[in-house]
Structures are given as C-alpha cells and as structure tokens.
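K.L.:
Before we start, here is the structure in question, set down as structure tokens.
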Amino acid sequence: MIAKLRHDLRFAARSLRASPGYTLLVMITLAVGIGVNTTVFSVLDSILFRPVPYADGERLASMWAQLKQGKQTMAVGGLFNPALIGEWRKQTDLYERVEAHEPRSFVFEGDTGPEIVAGATVSVGLFPMLGVRPAIGRWFIEGDGRDGSERLAIVSGTFWRQQLHGDPQVIGRRIVLDGQRHEIVGVMPASFRYPDERLRIWTPIDVDHPPASAAGQSRLTATVRLAPPASFDRVNEQAQARGAEIHRLSGGDGSQSATLMHLGRLYDERTERSLLVLGGAVAFLLLIVCANVANLTLSRSLARRRDLAVRTALGATRSDLTRESLVEYVLLGLAGAAGGFVVARLALGAVTSVLPATMTEESLNVIDLDLRTMAFLGAATLLTVLVCGVPAAWTSSRTAVADALRNDSRTSSGSARANRVRGGLVILEVALSIVLLVGAALMTRTLLRLQAIDTGLDPNGLMTIELALPAPAFSSAAIREAFVRDAVSSIRRLDGVSAVAAGAMPFRENRVTFGELELSDRPGERTPQQLASVADVWPGYLAAAGIRLIDGRDFRDDESETVAIVSEKFAKKHWPSATAVGQRFQFGKSAWRTVVGVAADVRPMTDSSARGGTSLYYPYNQVADTATATRPTSTIAAHQTIIVRASQPGEVAAALGKAVHAVDSRAIVGRTTLVAHQLADAIARPRIVFVMLSIFAGVGLLLAGAGLYGVLSHLVAQRRREIGIRLALGATKREIGRLVMGRGMVLSAIGLTIGLAASFWLVRLMRTLLYEVEPTDPASIVIVSAVLLAAAATAAWRPAQRAMRLDPVTLLRD
Numbered sequence: 003m004i005a006k007l008r009h010d011l012r013f014a015a016r017s018l019r020a021s022p023g024y025t026l027l028v029m030i031t032l033a034v035g036i037g038v039n040t041t042v043f044s045v046l047d048s049i050l051f052r053p054v055p056y057a058d059g060e061r062l063a064s065m066w067a068q069l070k071q072g073k074q075t076m077a078v079g080g081l082f083n084p085a086l087i088g089e090w091r092k093q094t095d096l097y098e099r100v101e102a103h104e105p106r107s108f109v110f111e112g113d114t115g116p117e118i119v120a121g122a123t124v125s126v127g128l129f130p131m132l133g134v135r136p137a138i139g140r141w142f143i144e145g146d147g148r149d150g151s152e153r154l155a156i157v158s159g160t161f162w163r164q165q166l167h168g169d170p171q172v173i174g175r176r177i178v179l180d181g182q183r184h185e186i187v188g189v190m191p192a193s194f195r196y197p198d199e200r201l202r203i204w205t206p207i208d209v210d211h212p213p214a215s216a217a218g219q220s221r222l223t224a225t226v227r228l229a230p231p232a233s234f235d236r237v238n239e240q241a242q243a244r245g246a247e248i249h250r251l252s253g254g255d256g257s258q259s260a261t262l263m264h265l266g267r268l269y270d271e272r273t274e275r276s277l278l279v280l281g282g283a284v285a286f287l288l289l290i291v292c293a294n295v296a297n298l299t300l301s302r303s304l305a306r307r308r309d310l311a312v313r314t315a316l317g318a319t320r321s322d323l324t325r326e327s328l329v330e331y332v333l334l335g336l337a338g339a340a341g342g343f344v345v346a347r348l349a350l351g352a353v354t355s356v357l358p359a360t361m362t363e364e365s366l367n368v369i370d371l372d373l374r375t376m377a378f379l380g381a382a383t384l385l386t387v388l389v390c391g392v393p394a395a396w397t398s399s400r401t402a403v404a405d406a407l408r409n410d411s412r413t414s415s416g417s418a419r420a421n422r423v424r425g426g427l428v429i430l431e432v433a434l435s436i437v438l439l440v441g442a443a444l445m446t447r448t449l450l451r452l453q454a455i456d457t458g459l460d461p462n463g464l465m466t467i468e469l470a471l472p473a474p475a476f477s478s479a480a481i482r483e484a485f486v487r488d489a490v491s492s493i494r495r496l497d498g499v500s501a502v503a504a505g506a507m508p509f510r511e512n513r514v515t516f517g518e519l520e521l522s523d524r525p526g527e528r529t530p531q532q533l534a535s536v537a538d539v540w541p542g543y544l545a546a547a548g549i550r551l552i553d554g555r556d557f558r559d560d561e562s563e564t565v566a567i568v569s570e571k572f573a574k575k576h577w578p579s580a581t582a583v584g585q586r587f588q589f590g591k592s593a594w595r596t597v598v599g600v601a602a603d604v605r606p607m608t609d610s611s612a613r614g615g616t617s618l619y620y621p622y623n624q625v626a627d628t629a630t631a632t633r634p635t636s637t638i639a640a641h642q643t644i645i646v647r648a649s650q651p652g653e654v655a656a657a658l659g660k661a662v663h664a665v666d667s668r669a670i671v672g673r674t675t676l677v678a679h680q681l682a683d684a685i686a687r688p689r690i691v692f693v694m695l696s697i698f699a700g701v702g703l704l705l706a707g708a709g710l711y712g713v714l715s716h717l718v719a720q721r722r723r724e725i726g727i728r729l730a731l732g733a734t735k736r737e738i739g740r741l742v743m744g745r746g747m748v749l750s751a752i753g754l755t756i757g758l759a760a761s762f763w764l765v766r767l768m769r770t771l772l773y774e775v776e777p778t779d780p781a782s783i784v785i786v787s788a789v790l791l792a793a794a795a796t797a798a799w800r801p802a803q804r805a806m807r808l809d810p811v812t813l814l815r816d
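Numbers in this note's numbering are just positions in the sequence shown, counted from 1, shifted up by 2.
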C-alpha cells in the first residue's frame, strides 16, 4: 500500500504539473472559498459559539438591576453599590461568589502628555474568580482598594506594549492616573478582555470595606458564580423574586430587583442574526466553489477518457483509477487548504477592522485562527475534496474502453452521465447564487430606506470634537465654563467655520434620566417609571446642529428657572392636545422643569424602532445629578463635546486641536468625528451585511457563469459532428446558435426557479435585518432575475458563437 501510495503521489504531481492552468485555477478557487469560510467562522466562533474562556465559565453570569417600566421590565447594568453587593454575597444558596466592576476612564499622564484611557475599578476577587492569572506579576489581594492602602493598578498587555513600551521591569513601576501615583502589580495576558476589549487599566476596590468616596456610589455591575448544583434558570428566578427585598436590606427603597445575563452571550438579536446570515452566505459560497471545481474536475476527466481507456486496456483496475484520481484531488485540496490559510490570515485583520464595534468589542474571546478554527479549515477542505473529487473519480473509473478508443464514436453513456452531472452542478451554482443575490438586493433596498430617514439635523459639514478637562487645572464649574466659552470663541475665529456650540450629539445618548414622570397639568398623577435620554447643551446649540425649533425659544445664558427643551415626540406623547411650551414636569425626585421649547425629533439612521432620538435637552449648568452618564466617567476629568460646522471640514479638523490648546494646553483633545460618520455608524450592521452579501453574490454569480460557460463549451466540442450534420442537412447558423443558447438558458431557468423558491424560505431569516422591506419584495426579485438571466446569456453567447462559426465540410471530413 505504501508503494502504491508513493506511486500515486508521483503520478498525481506529474499530472498536475502537466496542466498548470487547470491546477492553478482550481487551487485559487479552493483557496478563496476555504479562506473566506475560515475567516467568517473565526469571527462567528469567537462571538457566538466559543465557550467563555474562564474557569467554570458555564457557571458564570452577569447580574444586572431589573427595573419596571409600566407593564414591562428592563435590565440595566451599573446600578449596584457596595452595600448591595454585600447583601447578595449572603445568598450562598444561589451564589458561590459575587464580584463587581465599574467601567471608568482614567487620565493617564504618559510620555506624550495626558490622555484618556478606558479602564475599570474591580473587586479584589474578580480576577481570581475568573481564573485568569496575570502574564506578569500578581492579581489584587485582600486589603487592596481600602482607605489608606497603597494605590495599585493592573494593566493590559496592549497598554504595557504601547504606553509602557514593553518595559520588562514594569512590576513596581509607578504611573500617574487621575493625578495620583499608582504602582503596577500585574500585566494581564493579551487575550484577556473583561468586561470588554476596550479596557486597558484595572484598579482595585474592596467592596466589603470600600473607600468613603465609593461607599454610596451605585455604578457597579455584579459578576457571579452560581452555587452548584443550582441551574441558571432557578437562580435567575430566585434573584428576581428576592431582588426587591435585598435592595431594601442594603438601604434602598426596593424599587429595583435583579436578573442574570449569560456571561459572554450576545444579546443584540439583530447583531446575532447578522452574523448568522454572513455564516450562511459563506457556506453557500463554499458550495458554489465546490460545484465549480467539481465541474472543472469532470471536464478534466472527460478530456482524459482516451488515456484512461488505454490504461484500462493495459490492465489497470477500476480501483486503481479511482484511487489515483482521489490522490490527485487530495493534493489539490491540500494546496487549496494552504492557500486558504494564507487568505484567512490576510482577511481576518481586514474583516475585524470593518466589522462594527457592536459586533466585536463585547466578545470575551480573541478573534484569531485558533485550534477550533484550524479544525474547521480541515473539515472544509475534506468537504471540498469529497464534493469535487468523488464525482470525477467515479466518472473516470467507469470509462467505456471501446467507446473511448473508437475515434468516430458519436455518443457514450459515460459522457451522457457526466453531462447530466455537470448540468446539475450548474443548476446548483445558479440556485445558490440566486439566494445570495436576493439577500444582497434586499439589503440594498434596506440601506436605501435607512439612508432616506430624516435624522432631524443637518449633518453637512458638521463635526464634533471631544475634550477632557482634568483637575486640578479645571477644578471648578466656573473655570470649566470660562474655558468652554473661550474655546468656542477660538474655534469660531478659524477660517471656514460657520457655527460653533457646546453640547453632545443627541443620538449618542450620553446621559439618561429614569423615574416616574409627573406633569403640572395633572397634579398627583405619576406615570410608570420610564427612561428618557438627555442632552446637556449650551445656548445656540440647536441652531449650530441644524435642529429645527418647532415652538418656543432656545436657552439663554441667564436662565432664572429650571427649564428644558423637549423633542416633538415627547411633547405629543404627554401633551397631545395642548402646546408643550409653558408646561412643567418632574422626573422622579428631581426639580420641576418648565418647557421653553419644542425641537424636531433627532434620531440616527437605525433599523430599530425603539431608538427614537433624544427626548430632553437641559441647559449645561442645570444637569448636575438629575441625569446619569451612560459612558465611563472619570474622577477628575469633566467631558465636554463641542460641535463645529465648516465649509471644508477636513481643513478645519486639523486646526481644532491647536485652537483649543491656544486657550489652555492642559485640556485633553480627543477624537474629531464627522457627524455624518456618526450617523452612518447606526447602520453599520446592515451595511456590513450588504457589503459581504454583495461580494459573495458577485463571486457566486461569476463562478456560476464560468460553470455555465464551461458546460456549453464542452457541449459544443462534444457535438461537433452532430452540428456538422445539421448544417449539411440545411440547418442555419442562427438555429445552431439558438440550440446552444437554449441549452444554457434552460439550465439557468431551472436554477433560477429553484433558487427563488429556496430564497423565499431562507431570506425570512433576514426579516429582523430589513427595514420597511418585505422578504418577498417584488422589485428585488425582478432585478435579481434580470441580472441572473443577463449573466447566463453572456456566458452562453461565446460558445454559441463558436458553434455558429463551425464549417460543416471540415467537420464531416475530420
């Protein structure tokens, strides 16, 4: 057997070298199909399928606060305080351990000046519970994070390499965070991403003995390990039942309960569905690749029929021919797998860079080519070898010796069977391509609908610049207000700037307010608890942002009472039959506010009907504690956003940092972003699905056209004698062309019918990704059908032309 295998390998290598064009084409086709599938599987596996990379990961969960909003409940992270964590730790029948973390932003004073770095404050037992040891140094231990203890920090591998230049003596090194020196005691592995990949620094807090400054804060999110043998569902049920009482025991009012969330699970249904759609699309692409390569191998087998017949006549058995063919296809598969690995390595970085952050940043696993991904690559290679090699090997072994050796044979059963198989493969390619094309067409119409949404503001030339104002340079509200005024004036003097104001973009939802709402015209009546987004803005903000003021007035610099501007949606909801201007409302226990204006609704171009834009605008100096920040906060740096409208945004953006530092160089200048790009981020998910589906559909259509071209070309070559006889008996060249074209269009029509039938069922999986478009959208189906038939006609035209140019005299003489 070893000798036979060695002989087969030498024969296969010699045979492939003798046909370099065929070999190269098959290798490239397989490399693209296997590589793209491996890349997408790596993304799906890390986000959706791979287990949590922590000790006893199946027993880990995240515990969030559960709040009631009318008849509905919602889960909110970051509403636990140390006392509440302590009470949950007493529930030992439910939890083996309860730890906590709070996302933070730190002002890090590095070699190039101060910068904002994402991080978190974590309970000292969090890292030991997760079972992830630092790559260098130690994790936090009992006593760390208490009042009077030394300030410590653990940094990520990325922070260690980039900001600390991979210092081998990093343990014990002191860095300045939020104006205080912290000693580094550990460096986490590069693969550690908890609670998400953005974090670079962790500092400790002892929740049993918290510092006085953190004792009353309610910004913690709990991470728990379930007590065996309790199941997730039972513990979750008990947590919801006990939550209100435990909230009261911790000093709260019992208004919130608790609920569990699976650790590492993606809870955004649209994002999960988007990833699954991409996975299905690349699987279809792999099947198209397999069908196309199978067509190529069948063509090669038919071309070698005479050679195989000679070998059979000389004593080769059917098993010998089958084995030699399979060895040849195994070599091609291995070469395709090697090329697929290279394609996956190159494509993985590009894919992860273009995927929306919402798809990747919350994954606890690193997206890479790990052992699971390599196993998938091997399985994909085996599938392609079986699908591509077995039909060709079967055809080769069944060669009819007498027919193959007789030069004037007009037909053969073997050729007829092979032709049926090749025709079936073309039909399969066309059908799969149709499904991809329908999906791409539906996503195209969805994108067009989303881009046509009225966002409520004018994004043309509008951009934002993020600032951080660290203490002690900006220690008081008066100093910060004076700086913002001067910075706005400095930016306004830049050439090309037409409007400047301070305030965050409404659709970013930087602040929210939650509670029961009471209206002045309905005293004593309070609505169920509800959530509203809040934008803290300066006078002139609405005009600079291009947000239309429907009624009332803008804010003034010297507001004498607590006021608000509400969105049109908010006004119609609460005062449907009266003007909102002059009305007063109160959220929870906050101050009563008078409505001085109604602004047009602002919403991103999102496919979620739940996102309705900002409800409330508050003056910048009247927010205080009435609204909760939704992004990580800093203990010493106040965040401020300035919006700028310019005729040439690119040129102005380069000068914004200098204009700000001309006022005070101690301000930290963050990103400058075009608002149009921020709006486009809201449709990043459907856009990436559209792009990927379009690429896959285009490749699939190209391969299907190539397969149809190959089948028809072989048909013309095989039926040359028949065509000569038809021409000699009076058939016109147009009739001959119609014969070939008809064969191609029949195969395409069958594939089109099967593909459309399959797409009606399969694209229903995309329903949640579509916006104002039905899965059975007639326009998409008509366009796809026209594109497919045009591609089929193009592929069939060249073989038909070749048939029409044949000379009957030459054909009959030959």
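Idealized CB from N, CA, C, for every residue including glycine.
By a C-beta neighbour count over all protein chains shown, 10 Å radius and 16 as the cutoff for buried, is V187 buried or exposed?
P.N.:
By the neighbour-count rule (16 or more Cβ atoms within 10 Å), V187 is buried.
K.L.:
Short check: CB of D556 to CB of Y620, under 9 Å?
P.N.:
It is not a contact, given that the beta carbons lie outside the stated cut-off.
K.L.:
Can you list, in chain order, the residues of its chain whose CB lies under 7 Å from that of V677, leaving out five sequence neighbours each side?
P.N.:
The answer, listed in chain order, is P461, L464, M465, T466, M507.
K.L.:
Please classify L471: does DSSP put it in a helix, a strand, or coil?
P.N.:
Reduced to three states, the DSSP call for L471 is strand.
K.L.:
Please report the residue range of the beta strand (DSSP E) in which L551 lies.
P.N.:
Start and end: 551 to 554.
K.L.:
Who are the near neighbours of D559 in its chain, counting only those whose CB is closer than 6 Å to its CB and skipping five residues on each side?
P.N.:
For D559, where only same-chain residues beyond five positions count, the Cβ hits under 6 Å are P541.
K.L.:
Hey, G79 and L265 are a contact pair by Cβ (cut 8 Å); roughly how many whole angstroms apart?
P.N.:
Not quite, the Cβ-Cβ distance comes to about 12 Å (not below 8 Å), so this is no contact.
K.L.:
Would you identify the three-state DSSP class for I645, choosing helix, strand or coil?
P.N.:
Three-state result, I645: strand.
K.L.:
Sort R740, V345, Q720, Q258 by Cα distance to L86 and report the nearest one.
P.N.:
Answer by Cα proximity: Q258.
K.L.:
Could you tell me which residues DSSP pairs with I685 in its beta bridges?
P.N.:
In the DSSP output, where bridge partners are listed per residue, I685 has none listed.
K.L.:
So P810 is in the alpha helix (DSSP H); what residue range does that whole segment cover?
P.N.:
It spans 810 to 815 - the alpha helix (DSSP H) in which P810 sits, taken as one unbroken run.
K.L.:
Would you grab the beta carbon distance between T846 and R550 for me? Rounded to a whole angstrom, and I think it's under 8 Å.
P.N.:
The chain is shown only over 3 to 816; residue 846 falls outside these bounds and no answer can be derived.
K.L.:
Can we say the stretch 81 to 99 touches the stretch 159 to 172, given the rule of at least three CB pairs closer than 8 Å?
P.N.:
No, the stretch 81 to 99 is not in contact with the stretch 159 to 172.
K.L.:
Go ahead and pull the three-state DSSP assignment for S259.
P.N.:
Three-state DSSP puts S259 in a strand.
K.L.:
If I36 sits next to T383, beta carbons under 8 Å apart, how far is it from one beta carbon to the other, in whole angstroms?
P.N.:
About 6 Å separates the two Cβ atoms, so the contact holds.
K.L.:
Can you tell me the Cβ-Cβ gap for A655 and I118, rounded? I've got them flagged as a contact below 8 Å.
P.N.:
Wrong, their Cβ atoms sit about 19 Å apart, outside the cutoff.
K.L.:
Beta strand (DSSP E) containing S107: first to last residue?
P.N.:
That run of the beta strand (DSSP E) goes 97 to 112.
K.L.:
Using 8 Å for Cβ pairs, my map puts P688 next to L449. What's the rounded Cβ distance?
P.N.:
P688 to L449, Cβ: 6 Å. Contact.
K.L.:
If distances are taken between C-alpha atoms only, which option among R595, K575, A547 comes closest to S562?
P.N.:
Closest by alpha carbon: R595.
K.L.:
Which residues share a DSSP beta bridge with L464?
P.N.:
In the DSSP output, where bridge partners are listed per residue, L464 has R647.
K.L.:
Only counting the same chain, and skipping five residues up and downstream in sequence, which positions put a Cβ closer than 7 Å to that of L714?
P.N.:
Only V742, R745, G746, A798, P801 meet the Cβ criterion.
K.L.:
Sort R668, I567, T581, I436 by Cα distance to G753 and report the nearest one.
P.N.:
Measuring from the Cα of G753, the nearest candidate turns out to be I436.
K.L.:
How should H167 be labelled, buried or exposed, when 16 other C-beta atoms within 10 angstroms of its C-beta is the threshold for buried?
P.N.:
Its Cβ having fewer than 16 others within 10 Å, H167 is exposed.
K.L.:
Taking the DSSP output, what are the residues bridged to W540?
P.N.:
Bridge partners of W540: none, in fact.
K.L.:
What's the gap between the Cα of S415 and the Cα of Q720?
P.N.:
Model confidence at S415 stands at a pLDDT of 41, short of 50, so the residue's coordinates are unreliable and nothing is read from them.
K.L.:
Smallest Cα separation from V178: which of P213, Q171, V109, A120?
P.N.:
Closest by alpha carbon: V109.
K.L.:
Can R202 and G147 be called in contact, C-beta distance under 9 Å?
P.N.:
Going by C-beta atoms, R202 is not nearer than 9 Å to G147.
K.L.:
Is N367 near R52, with beta carbons less than 9 Å apart?
P.N.:
Closer than 9 Å, so yes.
K.L.:
Quick one: what's got a C-beta closer than 7 Å to I785's C-beta in the same chain, skipping five residues either side?
P.N.:
Once the five neighbours on either side are set aside, the close Cβ partners of I785 are A443.
K.L.:
Does the separation of the CB atoms of P105 and P213 fall below 9 Å?
P.N.:
No, these two residues do not count as a Cβ contact at 9 Å.
K.L.:
Using a Cβ distance threshold of 8 Å, determine whether the stretch 328 to 346 contacts the stretch 17 to 36, with at least three qualifying pairs required.
P.N.:
Cβ pair count under 8 Å is three or more, so yes.
K.L.:
Closer than 7 Å by C-beta to D779: which residues in its own chain qualify, once you throw out the five before and the five after it? Chain order, please.
P.N.:
These residues qualify, in order along the chain: L444, R447.
K.L.:
If I measure Cβ to Cβ from K574 and keep anything under 8 Å in the same chain, skipping five residues before and after, which residues do I get?
P.N.:
So the list is empty, once near-sequence residues are dropped.
K.L.:
Going straight from the alpha carbon of C390 to that of Q242, what length do you get?
P.N.:
Their backbone Cα atoms lie some 55 Å apart in a straight line.
K.L.:
V748 and R647 - do their beta-carbons sit closer together than 9 Å?
P.N.:
No.
K.L.:
Is it buried or exposed for T123, if we count other Cβ within 10 angstroms and need 16 for buried?
P.N.:
By the neighbour-count rule (16 or more Cβ atoms within 10 Å), T123 is buried.
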